[in-house]
Amino acid sequence: MAGPRVRFAPSPTGYFHVGSARSALFNWFVARQHDDGVFILRIEDTDTERNREEWVDGILSAMDWLGLDLDEGPFRQSDNQAQYATSVAALNGGGYLYYCDCTGDDVAKRKGDNKTPGYDGFCRDRGLDQGPLTALRFKTPREGVTTVPDLIRGDVEFANATIDDFVVAKSSGAVLYALANVTDDRNDRISHVIRGEEHLSNAPKQMMLWEALNDALHEDVALPAYAHLPLLVNEQRKKLSKRKDPVATESYRDQGYLPEAFVNYLALLGWSPRGDEEIVPLATLIEQFRLEDVSHSPAFFDVKKMAHMNGEYIRSLTPEEFLAQSAPWVNPWSSAWRPTDREPGWSEDQFDEALYAKVAPLVQERVATLGEIPAMVGFFFSDGVSYDETAFAKSVGNDPLGQTLLAVAVERFSDVDWRADALHEATIEIGEALGLALRKAQAPIRCAVTGTLVGPPLFESLELLGRERTLQRLRDALARSSQ
RNA sequence: GGUCCCAUCGUCUAGUGGCCUAGGACAUCACCCUCUCAAGGUGGAGGCACGGGUUCGAAUCCCGUUGGGACUGCCA
Numbered sequence: 003m004a005g006p007r008v009r010f011a012p013s014p015t016g017y018f019h020v021g022s023a024r025s026a027l028f029n030w031f032v033a034r035q036h037d038d039g040v041f042i043l044r045i046e047d048t049d050t051e052r053n054r055e056e057w058v059d060g061i062l063s064a065m066d067w068l069g070l071d072l073d074e075g076p077f078r079q080s081d082n083q084a085q086y087a088t089s090v091a092a093l094n095g096g097g098y099l100y101y102c103d104c105t106g107d108d109v110a111k112r113k114g115d116n117k118t119p120g121y122d123g124f125c126r127d128r129g130l131d132q133g134p135l136t137a138l139r140f141k142t143p144r145e146g147v148t149t150v151p152d153l154i155r156g157d158v159e160f161a162n163a164t165i166d167d168f169v170v171a172k173s174s175g176a177v178l179y180a181l182a183n184v185t186d187d188r189n190d191r192i193s194h195v196i197r198g199e200e201h202l203s204n205a206p207k208q209m210m211l212w213e214a215l216n217d218a219l220h221e222d223v224a225l226p227a228y229a230h231l232p233l234l235v236n237e238q239r240k241k242l243s244k245r246k247d248p249v250a251t252e253s254y255r256d257q258g259y260l261p262e263a264f265v266n267y268l269a270l271l272g273w274s275p276r277g278d279e280e281i282v283p284l285a286t287l288i289e290q291f292r293l294e295d296v297s298h299s300p301a302f303f304d305v306k307k308m309a310h311m312n313g314e315y316i317r318s319l320t321p322e323e324f325l326a327q328s329a330p331w332v333n334p335w336s337s338a339w340r341p342t343d344r345e346p347g348w349s350e351d352q353f354d355e356a357l358y359a360k361v362a363p364l365v366q367e368r369v370a371t372l373g374e375i376p377a378m379v380g381f382f383f384s385d386g387v388s389y390d391e392t393a394f395a396k397s398v399g400n401d402p403l404g405q406t407l408l409a410v411a412v413e414r415f416s417d418v419d420w421r422a423d424a425l426h427e428a429t430i431e432i433g434e435a436l437g438l439a440l441r442k443a444q445a446p447i448r449c450a451v452t453g454t455l456v457g458p459p460l461f462e463s464l465e466l467l468g469r470e471r472t473l474q475r476l477r478d479a480l481a482r483s484s485q
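When you read off a place in the first sequence, starting at 1, and then add 2, the result is the number in the working numbering.
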């Protein structure tokens with residue numbers, strides 16, 4: 003038996019939604035589990051009002067970033083108009099459709115207290131001819147039940163009477179989603195339709211269309227298997243909204259999430275690998291993934307957990323890999339790709355690649371995202387120090403002892419061996435002379451040199467920063483405190 | 001309102017009738033480590049929505065209630 007043929011079918015109407023990313027990923031898993039599985043990308047751009055070409059580029063680059071490679075496509079619905087016309091003609095010829103000239107207001111007005119869902123079938127038997135304002139509706143069976151065999155949820159039954167006569171083609175002639183989608187799935191011989199749960203109620207309509215097309219076209223294309231994935235929700239338990247929630251996959255890339263970590267986290271939303279370990283190699287994810295094991299309930303997209311996971315991935319990088327991965331954030335000028343709206347706090351001239359290579363290991367284990375790096379190493383590359391005023395006041399400005407310590411440090415550091423361990427020893431001694439434990443003694447120095455009270459290990463940092471720059475900053479801080 | 005889906009710690013989940021004194025992860029708290037911050041280590045607190053059944057036995061099966069969500073477009 004041939005391998006599965008699955009498709010990811012986004013519409014390019016905005017940033018690449020993390021929920022879409024997960025749908026794409028699960029489809030891709032299914033394809034990659036088989037040697038002959040096929041993963042197809044179909045751009046559903048039939049809504050010309052809302053589509054924009056830049057969003058198509060966004061989808062492509064985000065999928066590339068995630069490593070979701072295609073076997074076929076990208077196809078575009080805008081290229082398939084002829085096939086849609088064929089579907090419409092066949093359906094119409096087979097008596098499955100009728101013209102309707104009702105406006106939305108007409109339908110709403112008639113609806114009133116009527117319990118019938120959606121459209122009431124007003125034009126179904128009026129025998130209207132095609133006109134400038136007539137849409138084409140599908141004659142839904144009035145009796146019987148349509149059962150959607152869902153791989154995740156089991157059989158889901160819909161009474162046909164509850165499904166209204168939906169529009170298949172607009173009065174303009176443009177074919178709508180339901181028919182376009184079904185036509186393409188048939189032509190692409192899709193075996194598994196794997197998509198978000200918001201499409202579950204579309205499934206019976208699409209099955210009706212599918213079978214009507216088989217009949218009208220005298221074909222016998224097998225229905226696909228359906229799998230409706232649980233929704234991704236926000237803290238309010240609402241479907242993640244493009245408008246209100248941080249759902250743009252691109253923004254996570256810009257923040258410095260590694261694609262491996264992002265994929266790993268996404269895989270955990272609605273599914274889980276065997277065993278207690280959640281950090282799982284991609285190959286294992288692919289091997290273990292089963293649609294049947296996908297959970298039924300919505301999942302909250304927890305950025306905190308993803309950040310933690312990303313930190314683990316970052317820490318597991320070799321120093322060389324870390325250097326390469328972090329380059330776009332610290333040295334965008336010589337990177338092929340750079341994150342948008344994220345300038346490091348220094349200029350190209352100020353950046354010192356060799357120095358960064360030595361600094362990098364100090365921050366690798368302290369960041370959860372690559373985007374956090376610049377703030378942590380900025381003091382190495384900028385000329386002056388940008389002070390956190392609260393920290394400065396606490397450790398130097400309002401602390402005479404801190405000022406004394408700085409003054410002593412200037413003396414002592416002038417002729418100490420410029421190595422981390424020697425600086426460490428010297429600082430201990432300076433502190434002891436003033437009755438300060440090392441944790442207290444290092445604070446004013448740290449603040450004077452880096453501008454804040456938190457950061458990479460101090461003595462290694464001083465060694466890398468160099469004697470001259472360190473002494474200069476200690477003197478500057480001292481001068482600053484007496485102003 | 002109608003149709004459909006869902007319901008295990010705050011969150012993501014394991015669990016498919018006895019292995020459950022309900023396991024793991026994130027978050028949280030305490031302690032350890034420690035030049036700061038992280039990381040790491042150890043430990044703690046924290047959950048089967050409720051009510052009926054079925055069964056020798058129910059987180060697991062059935063029914064109901066409650067609660068949440070999706071859809072309900074000449075959008076996808």
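Backbone N, C-alpha and C define an ideal beta-carbon position, used for all residues, glycine too.
For the beta strand (DSSP E) that residue i lies in, which residues bound it at each end?
i: T286; result: That residue, T286, is in no beta strand (DSSP E); its alpha helix (DSSP H) goes 284-290.
i: V158; result: 156-161
i: V40; result: 40-45
i: G75; result: 74-78
i: G198; result: 194-198
Find the nearest neighbour of residue i within the set the options, judged by alpha-carbon distance.
i: Y100; options: S173, F77, L70; result: S173
i: D49; options: M65, P14, F18; result: P14
i: L408; options: V379, A424, Q444; result: Q444
i: G380; options: A137, V361, A395, E391; result: V361
i: V223; options: M209, D108, A163; result: M209
i: E355; options: D127, W331, A161; result: W331
i: E56; options: A92, F18, D37; result: F18
i: E252; options: M65, I42, A137, G156; result: M65
i: G373; options: L364, Y358, P346, A395; result: P346
i: N477; options: A424, H426, G433, V412; result: Checking the sequence, you will find Arg at residue 477 rather than Asn. Checking every option, the nearest Cα to that of R477 belongs to V412.
i: L460; options: L364, G123, A214; result: L364
i: L440; options: H426, A450, K306; result: H426
i: A163; options: T148, L27, D157; result: T148
i: V489; options: Y315, D278, K246, L225; result: An answer regarding residue 489 cannot be provided, because it is not within the stretch 3 to 485 covered by the chain.
i: W348; options: A110, R317, V387, R144; result: V387
i: D186; options: D390, R44, N400; result: R44
Measure the beta-carbon distance from residue i to residue j and round it to whole angstroms, keeping in mind my assumption that it falls under 8 Å.
i: F415; j: R469; result: 7 Å
i: F563; j: Q405; result: Residue 563 lies beyond the range of the chain shown here (3 to 485); nothing can be said about it.
i: E462; j: A422; result: 5 Å
i: A4; j: D38; result: 6 Å
i: I288; j: Q35; result: 6 Å
i: F160; j: Y98; result: So it is not a contact: roughly 18 Å between Cβ atoms.
Which residues does DSSP pair with residue i in a beta bridge?
i: C449; result: C449 is not bridged to any residue.
i: K241; result: V235
i: E51; result: Beta-bridge pairing links E51 to no other residue.
i: V169; result: R139
i: F302; result: V235
i: F10; result: L43
i: L99; result: F140
i: A250; result: H19
i: Y228; result: D152, V195
Which stretch, first to last residue, makes up the alpha helix (DSSP H) that contains residue i?
i: K423; result: Looking at the sequence shown, residue 423 is not Lys but Asp. Run containing D423: 422-435, per the alpha helix (DSSP H) assignment.
i: D186; result: 179-189
i: T148; result: Where T148 is concerned, there is no enclosing alpha helix (DSSP H), although the beta strand (DSSP E) it sits in stretches over 147-152.
i: C358; result: Residue identity differs from the one stated: residue 358 is Tyr in this sequence, not Cys. That run of the alpha helix (DSSP H) goes 355-366.
i: S328; result: 321-332
i: I281; result: That residue, I281, is in no alpha helix (DSSP H); it is neither H nor E in DSSP.
i: R112; result: 106-113
Rounding to the nearest angstrom, what Cα-Cα distance links residue i and residue j in this structure?
i: H230; j: N29; result: 11 Å
i: V8; j: L293; result: 13 Å
i: N204; j: P6; result: 22 Å
i: V69; j: D304; result: Note on identity: in this sequence residue 69 is Gly, with Val being the wrong assignment. Using only the alpha carbons, I get a separation of about 22 Å.
i: H194; j: A393; result: 58 Å
i: D47; j: N53; result: 6 Å
i: Y228; j: V150; result: 7 Å
i: G96; j: I154; result: 34 Å
i: A176; j: N183; result: 13 Å
i: V418; j: L473; result: 12 Å
i: L233; j: G75; result: 26 Å
i: D166; j: A137; result: 14 Å
i: P334; j: P376; result: 11 Å
i: T429; j: S22; result: 54 Å
i: A269; j: Q257; result: 20 Å
i: T105; j: G133; result: 14 Å
i: T142; j: F168; result: 8 Å
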